[in-house]
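Shown next, in structure tokens, is the structure this report addresses.
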Amino acid sequence: MDQQTDQSGQTPLIRIENLGRTYRLGDTTIDALRSVDLMVQANEYLAIMGPSGSGKTTLMNMIGLLDTPDRGEYWLNGELVSELGDSRLAKAAQSRDRVRVPDLQSAQTAPTRCTTLRCH
Ligand SMILES: Nc1ncnc2c1ncn2[C@@H]1O[C@H](COP(=O)(O)OP(=O)(O)O)[C@@H](O)[C@H]1O
Ligand SMILES: [Mg+2]
Numbered sequence: 000m001d002q003q004t005d006q007s008g009q010t011p012l013i014r015i016e017n018l019g020r021t022y023r024l025g026d027t028t029i030d031a032l033r034s035v036d037l038m039v040q041a042n043e044y045l046a047i048m049g050p051s052g053s054g055k056t057t058l059m060n061m062i063g064l065l066d067t068p069d070r071g072e073y074w075l076n077g078e079l080v081s082e083l084g085d086s087r088l089a090k091a092a093q094s095r096d097r098v099r100v101p102d103l104q105s106a107q108t109a110p111t112r113c114t115t116l117r118c119h
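For the sequence shown, numbering that gives the first Met the number 0 gives the first residue as 0, with consecutive numbering after it.
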């Protein structure tokens, strides 16, 4: 299967494989994300749930291009983010802006899919 399409031939808005992020504080390392796989289609409404410290904010920072992963791949609208230069990244950010983060407490619509992050 082409990395940029799903089984129906659609290009996912977000495709993430084996994404990992480790924070380093002096001699201490914290595996905030170990291996996340995720595919989100345009117009899909996804909830990411998990206990405090499970990596939700870290993942959202990657999806929003505010931080870069240490491991894994992220395709945003079919483009491999790690291979984008600054100007292409700025353009990719327009796709990112299609990723809305609603306040779930005021959301009227139930998510069509839920993804749970677990602490290890
Ligand atoms: N900037 C940072 N430096 C070091 N550790 C961090 C940093 N941000 C988050 N962490 C750690 O990474 C883990 C995941 O944090 P976070 O993504 O904020 O989880 P959540 O949003 O699910 O509560 C936690 O153990 C947290 O302490
Ligand atoms: Mg958080």
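The C-beta atom is built at its ideal place from N, Cα and C for all residues, glycine as well.
Unbroken alpha helix (DSSP H) runs of no fewer than 4 residues, entirely contained in the segment 16 to 97, are found at 55 to 62 and 85 to 95, following chain order. The C-alpha of Arg-33 is placed about 11 Å away from the C-alpha of Tyr-22. Take Leu-88, set aside five residues on each side of it, and the residues of its chain with a beta-carbon closer than 8 Å to its own are Leu-64 and Val-80, in chain order. If you check the C-beta of Thr-57 against ligand 1, you find a heavy atom less than 7 Å away.
With contacts defined as CB atoms closer than 8 Å, Ile-47 and Thr-114 qualify as a contacting pair. Taking 7 Å as the cut-off, the C-beta of Leu-64 does not count as close to any heavy atom of ligand 1.
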